[in-house]
Structures are given as structure tokens and as C-alpha cells.
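*Asks:* Residue numbers (this note's numbering), protein chains in the order written: chain A, 753 to 867; chain B, 204 to 316.
Glycine included, C-beta positions come from ideal geometry on N, C-alpha and C.
Let me begin by handing over the structure; questions about it come next.
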Amino acid sequence: EPEVTQTPSHQVTQMGQEVILRCVPISNHLYFYWYRQILGQKVEFLVSFYNNEISEKSEIFDDQFSVERPDGSNFTLKIRSTKLEDSAMYFCASTTNGGEGTEAFFGQGTRLTVV
Amino acid sequence: GNSVTQMEGPVTLSEEAFLTINCTYTATGYPSLFWYVQYPGEGLQLLLKATKADDKGSNKGFEATYRKETTSFHLEKGSVQVSDSAVYFCALTPNQAGTALIFGKGTTLSVSS
């Protein structure tokens, strides 16, 4: 069964450092997403990506964040200068055409710890 | 705006007990509603969904009915198992292509034998 894969599963970084979280969405999907979940809190939407550009972003997704689809398979989230409050589980997801009731398929997540 | 409110956990039950996890929503228009489940150490998986009023989603013995009049989508299961222990998230999307999921805070279910 096709699945969304994320690497690494756990990343520890020093405050102020840049991190890149990687995702391989399901190959025939068209919409890609990043969400995050701070420990004990709700899953929050960060950004969606379609047709090689950002289609929607939340207020969390400020200038410190960027996304890229550098080739036909990878979808990356970059945090330029990490802060302690960026520590969270980051989930990548993808969907097909995004119509009514479309199921989002999630990766297993990357746990980012900023120290 | 759109939002989802679900009951606070944790919920602790014995095997074969009846489960209800309440979920209510606020949305403009007619959203699609979902329950996602997160088993320990895993990502989010779709459990069930409903796309219009009075639809009932069901899977693995779980059910939820889209109630427009009460803006609710409560999750139920008649007889829980230890393997159902997980975090359950209620979510919605507005019915527009590619729009993101809006999640509730999640409810942790712990089932003991």
C-alpha cells in the first residue's frame, strides 16, 4: 500500500540552526501539506502546496519557514533559524484531487527537538 | 471561522465497554467531517468520514453520524478492545479542493483488559 514517508524520524538541533525536514508524498497525489503538533496540543496546519507553489498557509508559517519540491518526489520543510518553540512533531500529508471528503494520508512524523 | 471542539481526555475504559468521544464543530458552509486515529509511535490514519448531513461513517466497529442540527460528529464504539488504545482526532475540511484539515485537540483513549 502506498504511504507517505518522512525523514528523519527524530532530529535534535541547536537554537538558531537551520533544519530541513523531508517527506516523500504518495506518487500520484497532487496536494501536499505540513502540519505540526506541539506536545500535548492540537495538530496545527502550517502550509499546503499545489502545482509547485504554496496554495494556503497559516499564521504560524512565517518568514522562518519555507517549503520546496526540489524534484518529482521530495517535499521539504525548512526552518531557517530554529527557536525553542519550534520543538514539535511535524507531519507531512498528501491528497489526490482535494475534492469533497478527500482522505489525507499522513507520514509518521519527524520529532524536532530544539535545544 | 472554522473550528473543532472535542472532549478532553484521557478516557480510560475496560475492555468491552461502550465508547463515546464527543466532537462539535463550527463551520461556514457544509464541511466534510473526519475522525483520525494515532496509534502509539505511528502517524495519523483516517478512521472514518462523512461528507454530508445525516451520513454515517463507520470502520472497525466505530461509527459517527454527521448531525448538522447539532453541529456534531460524535465517535462511538459498542465494545472497545485493548488494541483501540490510541489518540483520536476529530477534524473537518471546508469542501474546497486542497483545503487543509482543521483538527480538534485529540482525545487519548486507554483500554485495559
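1. For the region 213–238 of chain B, list every residue whose C-beta sits within 7 Å of some C-beta in chain A, in sequence order.
2. Is there at least one Cβ from chain B nearer than 8 Å to A/Glu855's Cβ?
3. For A/Val819, decide whether its Cβ has a neighbour in chain B, counting only Cβ atoms nearer than 8 Å.
4. Please classify A/Arg832 as buried or exposed, where buried requires at least 16 neighbouring CB atoms within 10 angstroms.
5. Hey, does B/Leu278 have any beta-carbon neighbour from chain A nearer than 8 Å?
6. What is the DSSP secondary structure of B/Leu304, reduced to helix, strand or coil?
7. Residue range of the beta strand (DSSP E) that B/Gly260 falls in?
8. Could you give the C-beta distance for B/Tyr242 and B/Leu249, rounded to a whole number, given that I count them as a contact under 8 Å?
9. Count the C-beta pairs between the region 832–847 of chain A and the region 774–789 of chain A that are closer than 8 Å, then say yes if the count reaches three, no if not.
*Replies:* Looking at the coordinates:
1. Ser235
2. yes
3. It does not: the Cβ of A/Val819 has no partner Cβ on chain B nearer than 8 Å.
4. exposed
5. Answer no: the Cβ-Cβ gap between B/Leu278 and chain A never drops below 8 Å.
6. The answer is coil: DSSP assigns B/Leu304 none of H, G, I, E or B.
7. 259–262
8. Taking 8 Å as the upper bound for CB-CB distance, B/Tyr242 and B/Leu249 are not in contact here, some 13 Å apart.
9. With three or more CB-CB distances shorter than 8 Å, the region 832–847 of chain A counts as touching the region 774–789 of chain A.
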